[in-house]
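What follows is a single structure, written as structure tokens, with notes after it.
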Amino acid sequence: MTPATLSFFVRHEGRLVWREWLWWIKGRPRGVVVGVVVASLVFALLHLVAGIIVKPLAGLADRPDVQGYVLLTGIGAMAWMLLLSQAMESVTRVLYSRGDVDLVLSSPAPARFVFALRLAIIAGAGTGLSVLMLAPFVTMLVLAGGSGWIAGYAVLVAMGASSGAVAIASTLILFRILGPRRTRLVAQIVAAIVGGAIVIGLQVAAIVGFQGLDRFSVLTAEATLQAAPALDSLVWLPVRAATGDGLALAVVLTIAFGLLGSTIVVASRGFADHVVAAAGAVRRTGHKSWVSVPFSSGGARAVLRAKELALLAHVPWLMSQCLMQILYLLPPALLLWRSFGEGADPAPLIVPVVVMAAGQLAGGFAWLAISGEDAPDLVATAPVRPGLVLWAKIEAVFIAVGLPLAPLVVGLSALSLQAGVVAALFILFAAAGSTAIQLMFRSTAKRSAFRRRQTASRLSTIAEAFSSIAWAAAAGLAAVGSFLAIGPALFALVILGVIKLFAPAPVSR
Amino acid sequence: MQDPLESLRLVTEPALRLSGLVKSFDRPAVKGLDLTVRAGEFYALLGPNGAGKTTTLRMVAGLLRPDAGAISIFGIDALRDPVAAKAQVAWVADEPMIYDKLTPLEYLAFVAGLWGVDAKLAERRAQELVDLLGLGPHGQERCEGFSKGMRQKVALAGALVHQPRLIILDEPLTGLDAGSARLVKDVLIERVRAGATVILTTHILEVAERMAERIGIIVRGRLVAEGTLAELARETGREGRTLEDVFLDLVAAQDTEIAA
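One line per chain: the protein sequences are A and B, in this order.
If you count by this note's numbering, then the first sequence holds residues 439 to 947, one letter each, in order.
If you count by this note's numbering, then the second sequence holds residues 1427 to 1686, one letter each, in order.
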């Protein structure tokens, strides 16, 4: 009997990925066409935005200057931290997901191969994501600043590889320090903080120093430029690599891939033990609930609401998403707090951020409450009208969205009643928009599939994002009393109308 | 307070009456099924894999809509008034569907709330059921990590907490250890003695043989035989033999008939 080789696992994993794609494409021929069209539009839009953002940096390849280096490094660091955050979540998922792990671990095949491969896939996915999302910026730099910027594509690859390596190493270090029971939660919190750290940090600095939410004001400030190292410093190695310095590029690539390769080799050796330990932690009983479903005579609607809220409080993967949204609300909260003392009007800055967060939170909550029903048979066999069940779930979503945002709205109302009312109203609209999209695309799924909901319906995810952005823009304009708010509000409604055309037909039983 | 005439109807009507029930998916699953289960009866619905047992019971529980036919539960037209019919029924699937993140007591509070049971009564019943089914020490723990047997017990407790008049169980003993299986069987027999009606499907023919008062055998979507074990044995000329012999004969006879 020949033991399974690395190439055996490569073929196996490749086949699984390929079959999943085939299944996805076959099931949604219209979805694929729409997906390609939407992706092309988004990609074109990204180029447009990138063209505006990178214009001041285009000359950096020919005329290096500290301000350009600081700005590019800052933007790169923000993107790298986001990649790191995503990769950390992926590594945690591999640690805790079961799937075929029992089969692999119970076989005589060397488990390190399969885990090495899965870690490499995480790094590869991160690299692909960084290239896909950031390539438009490099392309626009090449067009505006010359061929020197072509090296920027290679730096994107290095960013993906290095973020994957650091994610693997840091998650496993957390696992060793905290143990299997606490790592999943802590890793999510760390991933959320890492993802938002630079953006939020720069915003907080901008609020404290410049009275605004513009994170770039810190990067372009005189004090930052004076504190920045000289142009020949090693700190600028990635920027020099991106602008076409061959030696710098070689160093950056060597470091990134060296780090990734060695991390995967070292991590995969003990990974099987970590997975076994994580499985033990998952199966351990004895957790006591801190949010409960009480015995109540309040009727089916009340008990359904209570059940949904209790379950929302216990979705492990929801923690990072909520935390990320709440973290992004910290800078506007700080701005609000400062504005109390200074009589300034921060509403136009705060209201859209809060409304955007409401739309995004509602999307996640609505999927969990409406589609993620673990006992559909129980609910369907209960002597309750289906409409009542749906309303109870929607109410739970609105309560769950309202709870974290309420303090901000109250604070805003104390500063300006009009801004508070506008915020409350548009939070409602944004949450309703995202919930409506989830209702159109509702399916029956296990709550544990929450992390894959975006993959299951990319169209609804994109629609949700655009709907939230449109409502946020409308809220910002309404907060300054502009009638132009009608424009984005109408656009949000158009999104709902268009997405309804692509929603799957309700399943008849 | 329930109308006395309504109470009388609930007592005298059969627990379940299916008339000309039809359901097709990509091929016919249930073909004009007629079936009557008397109130207070323990009824076993048997059949080979793919015979249409689960499809039939899912239609009764309101989880599937029949293409044609009628379903009457204690005289209530389940297709016309599904809410009233569901109030009489509990459904236990072969794969227990419970919420991992709720404790057994929270799950029971939820189910009791759905069926509109008074809170105090529900709490008392829930505690009794948790103790009866040996879940007492785990009553306040979340269900994640529970074994298959424990999950099945939680699901069963959920089915009993609202004291349904008709309990439908699809393969309730699959994957249970001997102790848990015995406990489930005892609880079901006790419920029938208390006046409830139980319909179950099972592939463990000894269970049907020992527990069921009447047995229905369904093959390719049709009820091919029905009666007590003695009646079924007489019908196949296998008096004194086990249900397994009778069942296999009946299924083989149907296969031969279809092949011919």
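Think of the CB as a built atom: it goes at the ideal place given N, C-alpha and C, for glycine as much as any other residue.
Checking the DSSP bridge columns, you'll see Leu1595/B partnered with Val1518/B, Leu1626/B. Chain B places no beta carbon closer than 8 Å to that of His485/A, leaving this residue out of the contacts. Here Leu816/A carries a helix assignment [DSSP, helix/strand/coil]. Partner residues in a beta bridge of Thr1482/B, as assigned by DSSP, do not exist.
In terms of beta-carbon proximity, Ile1524/B lines the interface with chain A, with at least one pair separated by less than 8 Å. Cβ-Cβ separation between Ser568/A and Gly598/A: approximately 4 Å, consistent with a contact (criterion under 8 Å). At a cut-off of 8 Å between beta-carbon atoms, Thr819/A makes contact with chain B.
Thr1462/B has Arg1443/B as its beta-bridge partners, per DSSP. Taking CB atoms only, His712/A has no neighbour in chain B less than 8 Å away. Remark: fewer than three beta-carbon pairs, one from each stretch, lie closer than 8 Å, so the segment 1560-1573 of chain B and the segment 1495-1510 of chain B are not flagged as touching.
Using a Cβ-Cβ cut-off of 8 Å, Leu1489/B counts as an interface residue toward chain A, since at least one Cβ of chain A sits closer than that to its own. In chain order, Thr819, Ala820, Pro821 make up the part of chain A whose C-beta sits under 7 Å from the C-beta of Lys1512/B.
A Cβ-Cβ separation of about 19 Å leaves Ile1593/B out of contact with Gly1473/B under the 8 Å criterion.
Only buried fits Thr1529/B, as 16 or more other CB atoms lie within 10 angstroms of its CB. Here DSSP, grouped into helix, strand and coil, assigns Gly1647/B to coil. For Leu1649/B, the CB contacts under 8 Å within the same chain, skipping 5 residues up- and downstream, are Leu1459, Asp1460, Leu1461, Gly1642, Ile1643 in chain order. Where Ile865/A is concerned, the enclosing alpha helix (DSSP H) starts and stops at 855-878.
Contact between Ala910/A and Pro814/A fails: their C-beta atoms lie close to 34 Å from each other, not under 8 Å. Contact between Val1672/B and Arg1664/B holds: CB atoms are separated by about 5 Å, below the 8 Å threshold. The CB of Val1509/B comes closer than 8 Å to the CB of Pro821, Val822, Arg823 in chain A, given here in chain order. Neighbours of Asp683/A across chain B, judged by C-beta separation under 8 Å, do not exist; the nearest C-beta is about 53 Å away. Ser600/A: member of the alpha helix (DSSP H) spanning 589-616, first to last residue. Restricting attention to Ile1684/B, Glu1670/B, Ala1504/B, the CA atom closest to the CA of Leu1655/B is found in Glu1670/B. DSSP lists Gly1642/B as the bridge partner or partners of Glu1652/B. Relative to the Cα of Pro1590/B, the nearest Cα in the group Leu1490/B, Thr1627/B, Leu1444/B, Leu1540/B belongs to Leu1540/B. Using a C-beta cut-off of 8 Å, the segment 552-561 of chain A makes contact with the segment 442-455 of chain A, since at least three inter-stretch Cβ pairs fall below that distance. Contacts with chain B at 8 Å (Cβ-Cβ) include Gly737/A.
Per the coordinates, the alpha-carbon of Glu1521/B lies some 11 Å from the alpha-carbon of Leu1595/B. In this structure Pro1598/B is in contact with Gln1578/B, their Cβ atoms being roughly 7 Å apart against a cut-off of 8 Å. DSSP lists Val1448/B as the beta-bridge partner residues of Lys1457/B. With a cut-off of 8 Å on Cβ pairs, the segment 853-872 of chain A is not in contact with the segment 816-824 of chain A, counting fewer than three such pairs.
Taking the Cβ atoms as the reference, Lys1449/B lies roughly 17 Å from Asp1503/B, outside the contact range of under 8 Å.
In the structure shown, Ser1498/B adopts extended strand secondary structure according to DSSP, grouped into three states. Apart from sequence neighbours up to five positions away, the residues of its chain that approach Phe904/A with a beta-carbon distance below 7 Å are Ile933, ordered along the chain. Within chain A, the residues whose beta carbon sits less than 8 Å from that of Val1515/B are Thr819, listed in sequence order. According to the DSSP secondary-structure assignment, Tyr1469/B is paired through a beta bridge with Ile1625/B, Arg1640/B.
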